[in-house]
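As numbered in the working numbering, residues 15 to 336 make up the sequence shown, in order.
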Amino acid sequence: MDIARSAPAFALDRRTMVRGVGLGLLSCVVRAGHGLALDALTVGDQKGGAHALLGAAGLDAAPDSPLRWSLFAGAPMLIQAMTAGAIDVGVIGDAPLVFAQAGGSPLRAVGAVQTDGTMTAIVVARNSPIRGIADLKGRTVATLRSQTGHYLTLAALRDAGLSDTDVRFVFIPPAAAKMALQNGSVDAWATWGPYIAEAKVNDGAREIVNGGRLMSGLSYVVATQSALAIRRDAIAGYCRLLARGHLWMQTHADEYAAVWAKETGLSVPVAREVVRTMKASVNPIDASVIAKQQTVSDFMTSTHMIPAPLDAKAVFASGFSF
Numbered sequence: 015m016d017i018a019r020s021a022p023a024f025a026l027d028r029r030t031m032v033r034g035v036g037l038g039l040l041s042c043v044v045r046a047g048h049g050l051a052l053d054a055l056t057v058g059d060q061k062g063g064a065h066a067l068l069g070a071a072g073l074d075a076a077p078d079s080p081l082r083w084s085l086f087a088g089a090p091m092l093i094q095a096m097t098a099g100a101i102d103v104g105v106i107g108d109a110p111l112v113f114a115q116a117g118g119s120p121l122r123a124v125g126a127v128q129t130d131g132t133m134t135a136i137v138v139a140r141n142s143p144i145r146g147i148a149d150l151k152g153r154t155v156a157t158l159r160s161q162t163g164h165y166l167t168l169a170a171l172r173d174a175g176l177s178d179t180d181v182r183f184v185f186i187p188p189a190a191a192k193m194a195l196q197n198g199s200v201d202a203w204a205t206w207g208p209y210i211a212e213a214k215v216n217d218g219a220r221e222i223v224n225g226g227r228l229m230s231g232l233s234y235v236v237a238t239q240s241a242l243a244i245r246r247d248a249i250a251g252y253c254r255l256l257a258r259g260h261l262w263m264q265t266h267a268d269e270y271a272a273v274w275a276k277e278t279g280l281s282v283p284v285a286r287e288v289v290r291t292m293k294a295s296v297n298p299i300d301a302s303v304i305a306k307q308q309t310v311s312d313f314m315t316s317t318h319m320i321p322a323p324l325d326a327k328a329v330f331a332s333g334f335s336f
């Protein structure tokens, strides 16, 4: 598999994104003489994501359809890029998928990435008096609006018998949230993956709840409808590669943690903590997955994270298998 990595991509307006698509296509043409086919599947990714996993597992030289990689800072930017047609396929969480569907993005879920849900958590500072969710009443929680941390906080509040308004949300990016927790500007931080691991390992933050019991633990391989119309086999091949990569990770956690640390620039202890929560299986969509996503969607409607009810089944690619 021939692989090229494009320049990092971040949140862009539609006009800028469309210009970026032209530059991306030009990049493919220029690199074609060096082994990158013009019909490469364009994959949206994040640091320490699928590209790092496939490379660590030795699957980046498989003789399937060629891949072209584009880096994004998070799911919202990846969804923007898919909506603009800048990428063909990527992976996003269950809450971002609902948000994308509510916003009319032309993407469809083609594969389910099932974890144990513990990657998302709420942490407090080491010396905080907060010991559990009940102690959050009247406190401030930093997170990203309509993302997994926001979802977990609302789910945890309801599970503890509290209301959605019993905390004050501060919607700020992770870097600002990290600083706010350190200086006491907020009482808790609801986030995921590397941010949780770094806060716990480096700053001594304490986890008061995670998504293991309160969240689906699902992420999704998603593809644009236009890519599905002409690249269905290539997308199925990518899903199979991703499934093989995650299967490899199950028995090579320390090896992957070393690769992940190098890729992200974070320490190996942080990487080990992240990889522990990243272990997953990649499976075709079935009725149970759709039912779980409907539950997520209905919860987001009931908490006003999205404005109106959705039929979750509509966001899944019909008849797709791998």
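Backbone N, C-alpha and C define an ideal beta-carbon position, used for all residues, glycine too. Nothing here was measured: the structure is a model prediction, and the numbers come from that model.
Check, Outcome
"Here's the rule I'm using: 16 or more other beta-carbon atoms within 10 Å means buried, otherwise exposed. How should isoleucine 244 be labelled?", "exposed"
"In chain order, what residues of the same chain lie with their CB nearer than 8 Å to the CB of lysine 306, ignoring the 5 residues before and after it?", "Asp108, Ser230 and Leu232"
"In angstroms with no decimal places, state the Cα-to-Cα distance between alanine 114 and leucine 255.", "25 Å"
"Whose CA, out of Tyr209, Leu158, Lys151 and Asp74, lies closest to the CA of glycine 175?", "Lys151"
"So the candidates are His266, Ile249 and Thr309; which of them puts its Cα closest to the Cα of arginine 82?", "Ile249"
"Quick one: grab the DSSP three-state call for glutamine 60.", "coil"
"With DSSP collapsed to three states, give me the class of valine 181.", "coil"
"According to DSSP, simplified to helix, strand and coil, what is arginine 82?", "strand"
"Considering only residues of the same chain and omitting the five flanking positions on each side of threonine 129, which have a CB-CB separation below 8 Å?", "Gly231, Leu232, Ser233, Thr291, Met292, Lys293 and Ala294"
"Which residues in the same chain as alanine 204 place their Cβ atom closer than 6 Å to its Cβ, once the five residues preceding and following it in sequence are excluded?", "Ile136, Val155, Thr157, Gly163, Leu166 and Thr167"
"Given alanine 241, which residues of its chain have a CB within under 6 Å of its CB, disregarding the five upstream and five downstream residues?", "Asp102"
"Return helix, strand or coil for valine 124, following the three-state DSSP convention.", "strand"
"For serine 302, which three-state DSSP category applies?", "helix"
"Since methionine 96 and threonine 238 should fall inside the 8 Å C-beta cutoff, what is the C-beta to C-beta distance between them, to a whole number of angstroms?", "5 Å"
"Helix, strand or coil, according to DSSP, for alanine 174 in the structure here?", "coil"
"Would you mind stating whether valine 112 and serine 311 have Cβ atoms separated by less than 8 Å?", "yes"
"Would you list the one or two residues that DSSP bridges to isoleucine 136?", "Ala204 and Val223"
"How far does the alpha helix (DSSP H) with glycine 279 in it extend, from its first residue to its last?", "Neither: glycine 279 is in no alpha helix (DSSP H) and is coded neither H nor E."
"For asparagine 141, does the three-state DSSP call read helix, strand or coil?", "coil"
"According to DSSP, what are the bridge partners of serine 295?", "Gln128"
"Quick one: give me the first and last residue of the beta strand (DSSP E) that alanine 237 is part of.", "232-238"
"In whole angstroms, what separates the C-alpha of valine 138 from that of isoleucine 147?", "11 Å"
"Where does serine 119 land, buried or exposed, given buried means 16+ other C-beta within 10 angstroms?", "buried"
"Compute the Euclidean distance between the alpha carbons of arginine 246 and phenylalanine 334, then round it to the nearest angstrom.", "8 Å"
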